[in-house]
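Residue numbers (my numbering), protein chains in the order written: chain A, 21 to 333; chain B, 21 to 333. Even glycine gets a Cβ: it sits at the ideal position worked out from N, Cα and C.
What follows is the structure in structure tokens.
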């Protein structure tokens with residue numbers, strides 16, 4: 021076990037339309053966003069599958085960022101996973117126009133020897149049964165995080181719940197949380213998820229921020245306010261990548277570090293959404309990330325009031 | 021000018037249905053929620069209109085909390101303002117089933133002599149032209165806050181913008197903010213509102229919390245997490261009432277106090293939504309309010325990271 025990070029998730033070619041423009045067949049996918057983000061902090065091993073249409077340049081760039089690509093299978097003659105979506109006005113929700121699984125349909129994640137010893141594991145949103153296969157191959161880990169989506173909650177609930185029993189942190193958005201638990205109240209729904217196995221739940225709320233729920237309480241962070249949100253695609257995976265990257269880097273996962281990691285993830289995601297594809301993450305320097313971390317810290321700060329003062333009213 | 025609070029807003033009889041039950045003709049209205057909340061901190065003067073169907077007991081209770089009712093006009097033989105609404109599943113949005121303005125249709129707010137010297141003024145959501153009439157009657161004030169709604173943004177935009185020029189703080193929810201400015205990005209929309217007159221903008225985001233925007237930056241707070249949300253009616257007005265109450269009590273409105281006031285407002289609103297009508301606010305003690313303030317403070321706290329540490333990655 022080491023302080024390196026294993027990320028399993030899609031590499032995709034995305035066609036995305038937002039009020040700010042359109043990109044066609046740009047590199048994307050949960051694995052790409054998370055790996056690019058996490059590589060700001062620690063060595064990353066990426067496990068994914070691509071067709072031979074996936075641009076070599078993107079792979080070279082990942083390698084240049086310290087991402088080991090031994091676990092990226094390339095299917096000769098195959099086409100990469102493709103997603104096409106559109107964001108309207110307030111950009112809170114993506115409308116999926118087309119999904120082509122292509123080589124992703126037969127994805128069988130095989131971990132290279134070097135990846136099995138990663139202490140930090142992020143299972144991006146893929147079939148829960150594949151997430152389980154990955155966990156089987158991991159030798160021992162310090163921290164495992166999984167993401168999921170509405171489709172698996174409905175179609176592969178049992179396998180998903182098995183994943184939940186085996187990981188330390190589950191990330192979901194609020195709609196998924198309500199769907200999974202059948203509980204409209206988020207606080208109650210979160211408590212239910214904690215009884216399903218994971219020690220921590222991270223609720224992703226898009227432009228409303230994120231929160232961390234543990235048995236002892238809550239931590240909540242607003243979104244980093246940005247005057248320009250160009251494309252929200254990949255925000256959640258950039259968030260998770262920054263978060264696990266930071267945790268691997270500090271080598272501790274107590275509540276204090278998790279709170280900091282949520283802020284780092286939030287700052288990382290804020291860079292992602294400022295441009296299409298991974299262009300925003302590409303431009304993100306440690307200096308700028310630090311600046312946003314400090315700004316977030318300042319943004320949520322407020323002073324205590326003395327008990328005596330308020331009780332005298 | 022003194023440290024007392026003037027609140028102008030509706031007193032209503034509400035029929036509300038939520039997944040947790042139904043109440044019929046229960047006391048409500050923005051003025052009632054805000055005055056009940058603000059009275060936790062300082063003397064309040066309420067200006068409103070009712071029919072003779074409004075329960076005397078509710079008025080007695082307000083008086084018992086230090087709310088001066090000289091400005092509450094009672095129209096003999098008139099019927100009070102009535103609102104009927106329903107909340108579904110996640111309780112983020114009310115569906116209005118019926119609105120009967122009744123005596124509220126001819127409301128002409130006249131400030132009793134004693135109310136004109138209030139240093140703190142909250143103009144709850146009423147016709148912008150009436151908000152202007154109130155401001156004309158206020159002798160001098162330290163802090164004025166106005167609320168509004170989508171209907172006035174559409175139907176009385178010019179008067180509303182005149183109100184904005186005359187107040188210190190505007191409160192809106194995110195949909196209203198987007199509607200008013202025609203700007204989908206909240207950070208940009210907020211900046212636009214600050215050019216319209218007010219020094220501060222408070223964005224209310226329901227279960228996602230609230231934020232304070234000023235020229236120099238943002239402050240943001242999540243919602244207080246509650247396992248039981250019974251009825252969100254009045255949450256925004258309880259928030260505003262707690263906020264202005266706290267500011268009147270401390271007698272200062274610099275950014276630090278405003279940040280604290282947002283937390284106090286958030287804690288106050290959390291008590292409101294735990295029960296129907298004003299039952300939640302009624303039960304709220306200074307002790308419990310303080311406990312929630314401290315819990316919020318703890319909930320958003322995270323440690324700084326040294327610049328050197330993060331830049332060494």
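Option in the options with minimal Cα separation from residue i
i                      : options                    : result
residue 56 of chain A  : A:146, A:260, A:121, A:208 : A:260
residue 232 of chain A : A:204, A:280, A:295, A:151 : A:280
residue 35 of chain A  : A:120, A:69, A:70          : A:120
residue 103 of chain B : B:330, B:61, B:202, B:45   : B:45
residue 161 of chain B : B:178, B:144, B:179, B:186 : B:186
residue 100 of chain A : A:86, A:108, A:68, A:117   : A:68
residue 323 of chain A : B:316, B:327, B:328, B:329 : B:316
residue 21 of chain B  : B:39, B:118, B:278, B:134  : B:134
residue 169 of chain B : B:284, B:63, B:257, B:287  : B:257
residue 163 of chain A : A:294, A:321, A:277        : A:277
residue 64 of chain A  : A:142, A:115, A:122        : A:142
residue 117 of chain B : B:167, B:126, B:106, B:124 : B:106
residue 33 of chain B  : B:23, B:123, B:62          : B:123
residue 90 of chain A  : A:108, A:76, A:61, A:130   : A:130
residue 30 of chain B  : B:174, B:237, B:151        : B:151
residue 115 of chain A : A:132, A:206, A:207, A:37  : A:37
residue 81 of chain A  : A:219, A:227, A:298        : A:298
residue 223 of chain B : B:206, B:127, B:40         : B:206
residue 209 of chain B : B:49, B:226, B:182, B:238  : B:238
residue 199 of chain A : A:173, A:211, A:294        : A:173
residue 23 of chain B  : B:113, B:327, B:138, B:252 : B:138
residue 227 of chain A : A:157, A:113, A:321        : A:113
residue 157 of chain B : B:128, B:175, B:167        : B:128
Listed by chain order, chain D residues near residue i by CB distance under 9 Å
i                     : result
residue 65 of chain B : This model lacks chain D altogether; the protein chains it does include are A and B.
Integer-rounded CB distance, given that residue j should sit under 8 Å from residue i
i                      : j                      : result
residue 325 of chain B : residue 313 of chain A : 6 Å
residue 78 of chain B  : residue 47 of chain B  : 4 Å
residue 25 of chain A  : residue 296 of chain A : Between residue 296 of chain A and residue 25 of chain A the Cβ distance is about 25 Å, and since that is not below 8 Å, they are no contact.
residue 216 of chain B : residue 184 of chain B : 5 Å
residue 334 of chain A : residue 292 of chain A : Missing from the structure shown is residue 334 of chain A; chain A here goes from 21 to 333 and no further.
residue 66 of chain A  : residue 84 of chain A  : The pair is not a contact, with the Cβ atoms about 13 Å apart (cut-off 8 Å).
residue 275 of chain A : residue 234 of chain A : 7 Å
residue 165 of chain A : residue 194 of chain A : Actually they do not touch by this definition, with Cβ atoms about 18 Å apart.
residue 204 of chain A : residue 111 of chain B : 7 Å
residue 213 of chain A : residue 201 of chain A : 7 Å
residue 283 of chain B : residue 221 of chain B : At roughly 17 Å, the Cβ-Cβ gap does not stay under 8 Å, so residue 283 of chain B and residue 221 of chain B are not in contact.
residue 159 of chain A : residue 136 of chain A : 5 Å
residue 148 of chain A : residue 180 of chain A : 4 Å
residue 140 of chain A : residue 304 of chain A : Actually they are not in contact, since the Cβ atoms of residue 140 of chain A and residue 304 of chain A sit about 20 Å apart, beyond 8 Å.
residue 262 of chain A : residue 285 of chain A : 4 Å
residue 58 of chain A  : residue 300 of chain A : Incorrect: roughly 15 Å between the Cβ atoms, too far for contact.
residue 289 of chain B : residue 255 of chain B : 4 Å
residue 62 of chain A  : residue 269 of chain A : 5 Å
residue 109 of chain B : residue 218 of chain B : Contact flag wrong, Cβ pair sits at about 34 Å.
Members of the region 193-221 of chain A near chain B, C-beta cut-off 9 Å: 194, 195, 198, 204, 205, 206, 207, 208, 210, 211
Members of the region 248-281 of chain B near chain A, C-beta cut-off 8 Å: 248, 249, 269, 276, 279, 280
For the region 242-255 of chain B against the region 305-314 of chain A, do three or more pairs of beta-carbon atoms, one drawn from each stretch, fall closer than 8 Å, so that the two count as touching? no
At least three beta-carbon pairs within less than 8 Å, the region 69-76 of chain A to the region 95-109 of chain A: yes
Using a beta-carbon distance cut-off of less than 9 Å, what residues from the region 66-82 of chain A approach chain B? none
For the region 113-168 of chain B, list the beta strand (DSSP E) runs that are entirely contained and at least 3 residues long, ordered along the chain. 114-120, 138-143, 163-167
Within 9 Å of chain A by C-beta, residues of the region 317-329 of chain B in sequence order: 317, 318, 319, 320, 321, 322, 323, 324, 325, 327, 329
Segments of 4+ residues assigned as alpha helix (DSSP H) that fall wholly inside the region 42-69 of chain B: 50-58
Listed in chain order, which residues of the region 83-106 of chain B have Cβ atoms closer than 7 Å to some Cβ of chain A? none
Residues of the region 109-127 of chain B in Cβ contact with chain A at a cutoff of 8 Å, in chain order, please. 109, 110, 111
Which residues, in order along the region 26-60 of chain A, keep a beta-carbon less than 8 Å from a beta-carbon of chain B? 39, 60
At 4 residues or longer, and completely inside the region 165-192 of chain B: list those alpha helix (DSSP H) runs for me, N to C. 170-175, 177-186
Can you give me, in chain order, the residues of the region 295-309 of chain A that have a beta carbon less than 8 Å from any beta carbon in chain B? 306, 307, 309
Of the residues that make up the region 132-147 of chain A, which ones have a beta carbon closer than 8 Å to any beta carbon in chain B? none
Entirely enclosed alpha helix (DSSP H) segments - the region 252-321 of chain B, minimum 4 residues: 255-270, 275-292, 299-303, 306-320
Whole alpha helix (DSSP H) elements within the region 206-231 of chain B, 4-residue minimum: 206-214
Taking a cut of 9 Å between CB atoms, which residues from the region 230-242 of chain A lie near chain B? 231, 233, 237, 238, 239, 240, 241, 242
Anything in the region 164-181 of chain A with a Cβ closer than 9 Å to a Cβ of chain B? List those residues in chain order, please. none
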